[in-house]
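Working notes, structure below.
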Amino acid sequence: FKSLIVAPCAALYLLLAPVATAAETIVIKFAHVVAEDTPKGKGALLFQKLVRERLGGTVEVEVYPNSSLVGDADEMQALLDNKVQMLAPSLSKFTEYSPKLEVFDLPFLFDDEAAVARFQKREMSRELLRSMADRGIYGLAYWNNGLKQLTANQPLRTPADAAGLAFRIQPSPVLEAQFAAVDAKAVRIPFMDVAKAMQSGTVQGTEGPWSNIRGQSAGTKQTYVTETNHGVLNYMLVTNAKFWTSIPFAVRSELDNILLEVTQTVNAEAASINQRERERILASGSSTLVTLTPEQRQAWRDKMQPVWKSFEAHIGTDVMRAALTVNR
Ligand code: LMR
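Numbers -22 to -1, 1 to 306, taken from mature numbering (1 follows the signal peptide of the UniProt record, and there is no 0), label the letters of the sequence shown in order.
Take a look at the structure:
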């Protein structure tokens, strides 16, 4: 008798369930820590726009820039708790989840942005997108920003100029070692607090791509930017694996298509956004450019390169070897 009731109920549920799911809009909260006119900020907005155009009513993307919803310190936990569904932290912020990604932080490892782009297309980098799967984090794509410069409240020409200064870093042991290599101190500070730390004198210097320099030195007095191009600051677009696989297949496929398009746009435009920012900063007079001669740059490289060896075992020789093949 019981099954006579259960069976029709189950049948009814099966009939209604897909309808109920389809009617509910899937909300993707995409949080990040930088301004909207940066490569990542623009990428998030383009993703939102294309999703609205092609999946309007089914999926909605909410973008929270400038650490307005979560910041560096709590964003990964928020993703794991499914309070946000998409982030694009810099590759320096995954140490706790995937030490292999520290390869991207090694100073002077990649000769230029083209070399980084080649590495991001290699099979090894595809594997690295999956390297946090056991922690419930799913890597969707690499988004470029650009090569890092050093900024300080005094001109830095030789590595000795940095000795004794405190530099703000992202939470990465490689970056800590990089500054220790030039006898400087490194202080881990969330992006949203960098300008304050510069103003108060907690740190005297930072590093970052041109597109982040305005954000991280706002309100500070005259700064100097030494164009070192010593490392890379790119991103991994990540989502909560459980959330992502819960999206109906057809919708997810369309999201994948959109992401492919957005990734191509972000990566094609990042260099020119940084170039534009460089011109804007220098024209405004807010910073003075320090250009290194090839010999001066080599001196920084000689000091910092030993860091590779100290992290090789931690990162993995297979990853290191793959990265070292992309320079030309
Ligand atoms: C930083 O903390 O300096 C960067 O990771 C910020 C960003 O997202 O570009």
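Each residue gets a CB set at the ideal place from its N, CA and C atoms; glycine is no exception.
May I ask whether a heavy atom of ligand 1 can be found less than 7 angstroms away from the beta carbon of residue i?
{"i": "residue 211", "result": "yes"}
{"i": "residue 186", "result": "yes"}
{"i": "residue 190", "result": "yes"}
{"i": "residue 68", "result": "yes"}
{"i": "residue 50", "result": "yes"}
{"i": "residue 169", "result": "yes"}
{"i": "residue 235", "result": "no"}
{"i": "residue 148", "result": "yes"}
{"i": "residue 44", "result": "no"}
{"i": "residue 71", "result": "yes"}
{"i": "residue 203", "result": "no"}
{"i": "residue 208", "result": "no"}
{"i": "residue 292", "result": "no"}
{"i": "residue 123", "result": "yes"}
{"i": "residue 7", "result": "no"}
{"i": "residue 12", "result": "yes"}
{"i": "residue 174", "result": "no"}
{"i": "residue 379", "result": "The structure shown does not extend to residue 379, since the chain is modelled only from -22 through 306, so no value can be given for it."}
{"i": "residue 20", "result": "no"}
Residue j and residue i - do their beta-carbons sit closer together than 8 angstroms?
{"i": "residue 185", "j": "residue 269", "result": "no"}
{"i": "residue 29", "j": "residue 39", "result": "yes"}
{"i": "residue 159", "j": "residue 285", "result": "yes"}
{"i": "residue 8", "j": "residue 236", "result": "no"}
{"i": "residue 44", "j": "residue 5", "result": "no"}
{"i": "residue 252", "j": "residue 178", "result": "no"}
{"i": "residue 213", "j": "residue 78", "result": "no"}
{"i": "residue 165", "j": "residue 191", "result": "no"}
{"i": "residue 168", "j": "residue 49", "result": "yes"}
Provide the residue(s) that pair with residue i in DSSP beta bridges, ordered along the chain.
{"i": "residue 145", "result": "164, 183"}
{"i": "residue 219", "result": "Answer is none; residue 219 lacks a bridge partner."}
{"i": "residue 6", "result": "39"}
{"i": "residue 124", "result": "211"}
{"i": "residue 293", "result": "Note: residue 293 sits in no beta bridge, so no partner."}
Looking at chain B, is there any beta carbon in it that lies within less than 8 angstroms of the beta carbon of residue i?
{"i": "residue 12", "result": "Among the chains of the structure shown, chain B does not appear; only one protein chain is present."}
message: Using a Cβ distance threshold of 8 angstroms, determine whether the stretch 118 to 125 contacts the stretch 201 to 212, with at least three qualifying pairs required.
response: yes
- prompt: Counting pairs of beta carbons, one from the stretch 243 to 259 and one from the stretch 128 to 148, are three or more of them closer than 8 angstroms?
  reply: no
- prompt: Does the stretch 210 to 227 come close enough to the stretch 57 to 69 to have 3 or more Cβ pairs within less than 8 angstroms?
  reply: yes
- prompt: Are there three or more Cβ pairs, one per stretch, closer than 8 angstroms when the stretch 159 to 170 is compared with the stretch 141 to 150?
  reply: yes
- request: Decide yes or no for the touch test of the stretch 107 to 116 against the stretch 74 to 88: beta carbon pairs closer than 8 angstroms, at least 3 of them.
  value: yes
- request: Check whether the stretch 91 to 100 touches the stretch 150 to 157, counting contact only when three or more Cβ pairs, one atom from each stretch, lie closer than 8 angstroms.
  value: no
message: Quick check: the stretch 278 to 294 against the stretch 76 to 88, are at least 3 beta-carbon pairs closer than 8 angstroms?
response: yes
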